[in-house]
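Novice: Mind having a look at this structure? Questions to follow.
Residue numbers (the UniProt record's numbering): 1 to 381.
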């Protein structure tokens, strides 16, 4: 007897990093001195006060009970204050904020709340692979829209208007952009909001990188009419080095947020109390926190630029975020290049093709490694 898996699983592969990190772990086990510059998992400490509050909260009376599906009121207030202070966006903590267990689960919850089988979703190429895989898991169809260097990795709206937009329900955007680090312009935000309005498409901005090496953090909700057609995902993972805590947030108008809550409340039983308490504290960090965080990343980025140069790659010095996106010399394939660097120098970097066909000819370096480790990588090359 053969028990078959669901057909939907045939449409998605195991996540690239899940597979590749097993291979890297195997090489390490064989004694290879692997340097991992592939993955964006922050290696710096979270805010001290956040970890202290997590610890202290363990003896609170309600610490180990089920928590509200919408999170503690103080956490929603904290998110609302954070948006006001850093993005100049007013949000009602009661109705326009939903804490999430990491923003990755938000991609699934939003998709489940708005997509029917056979609906279509606009997905950036290159972009975060989860947008497409979640779409396929729900038996909807990803429609890839091109981003490329000549347009500074921003969508071509004339090309978008030419697409068959019937049944397109969601458009994923992500600025500062992962993997390229490009920031969007005011004009882009105005255009994408108008585009969503014109075609009844929910625009979802995935915004976890806005505080890393970026002078002017922007939320799409700052723009006129945004709340009519937009949702925004955000996260504490990169901003506060709390990736493993799994704290994210969804913000936007009540109707959209409430639709997502209807899905989410059937999926989990609330976020652990102590994690919420720590998150509330992290969100109160002063500008000093961001300055010191970015001074570390600045030094690392300069070293990564040097490593990229040693590998004959070129890069954009104006890019932001947790990665350096670098262009390979002509006629070299991304995966062949990264496999060679892994084999010859025991350095793992990410091929651009992980993020879509338009990533061919590029690689991505992570800044989540100490200066000593990056210097060692430079020495090897």
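Note that the Cβ used here is the ideal one computed from N, Cα and C, for glycine as well. Bear in mind that the values here come from a model prediction, so they are computed numbers and not experimental data.
Bridge partners for residue 362 per DSSP, in chain order?
Specialist: Partner(s): 327.
Novice: Could you tell me whether the region 325 to 332 touches the region 359 to 373, where touching means 3 or more Cβ pairs closer than 8 Å?
Specialist: Yes, since at least three Cβ pairs between the region 325 to 332 and the region 359 to 373 fall closer than 8 Å, the two stretches touch.
Novice: Between which residues of its own chain and residue 134 is the CB-CB distance below 6 Å, once the five residues before and five after are set aside?
Specialist: Closer than 6 Å at Cβ, skipping near neighbours: 107, 108 and 111.
Novice: Enumerate, from N- to C-terminal direction, the unbroken beta strand (DSSP E) stretches of 3 or more residues contained entirely within the region 172 to 248.
Specialist: Entirely contained in the region 172 to 248, the beta strand (DSSP E) runs reaching 3 residues are, in chain order, 202 to 206 and 230 to 235.
Novice: Return the residue from the list 294, 341 and 345 that minimises the CA-CA distance to residue 320.
Specialist: The residue with the shortest Cα to Cα distance from residue 320 is 294.
Novice: My assumption, with CB atoms under 8 Å, is that residue 193 sits in contact with residue 226. Please give the rounded CB distance.
Specialist: 5 Å between Cβ atoms; contact.
Novice: In three-state terms, what does DSSP make of residue 73?
Specialist: Helix.
Novice: Along the beta strand (DSSP E) that carries residue 110, what are the first and last residues, could you check?
Specialist: Premise fails: residue 110 lies in the alpha helix (DSSP H), 103 to 114, not in any beta strand (DSSP E).
Novice: So for residue 129, helix, strand or coil by DSSP?
Specialist: It is helical.
Novice: Are the region 39 to 54 and the region 236 to 251 touching, with three or more C-beta to C-beta distances below 8 Å?
Specialist: Touching, per the Cβ criterion.
Novice: Which partner residues does residue 350 have in the DSSP bridge list?
Specialist: Paired residues: 364.
Novice: By Cβ distance, which residues of its chain are closer than 6 Å to residue 171, with the 5 residues on each side in sequence left out?
Specialist: Result list for residue 171: 122, 201 and 203, in chain order.
Novice: To the nearest angstrom, how far is the alpha carbon of residue 387 from that of residue 179?
Specialist: Because residue 387 is not part of the residues shown, which for the chain are 1 to 381, the question remains open.
Novice: Going by beta-carbon coordinates alone, are residue 416 and residue 57 separated by less than 8 Å?
Specialist: The shown model of the chain, from 1 to 381, leaves out residue 416, and the question about it has no answer.
Novice: Please list the terminal residues of the continuous beta strand (DSSP E) segment that includes residue 97.
Specialist: Counting along the chain, the beta strand (DSSP E) containing residue 97 begins and ends at 97 to 100.
Novice: For a test of the three-state rule: what should DSSP assign to residue 146, helix, strand or coil?
Specialist: The answer is strand: DSSP assigns residue 146 an E or B state.
Novice: In the DSSP assignment, what are the bridge partners of residue 124?
Specialist: Answer by DSSP bridge pairing, in chain order: 145.
Novice: Would you kindly report the start and end of the unbroken alpha helix (DSSP H) that includes residue 260?
Specialist: Counting along the chain, the alpha helix (DSSP H) containing residue 260 begins and ends at 254 to 264.
Novice: Nearest-angstrom Cα distance between residue 69 and residue 338?
Specialist: Each residue's Cα considered, the two are about 43 Å apart.
Novice: Taking only the alpha-carbon atoms, compute the straight-line gap between residue 116 and residue 167 and give it to the nearest angstrom.
Specialist: The alpha-carbon atoms of residue 116 and residue 167 are separated by roughly 9 Å.
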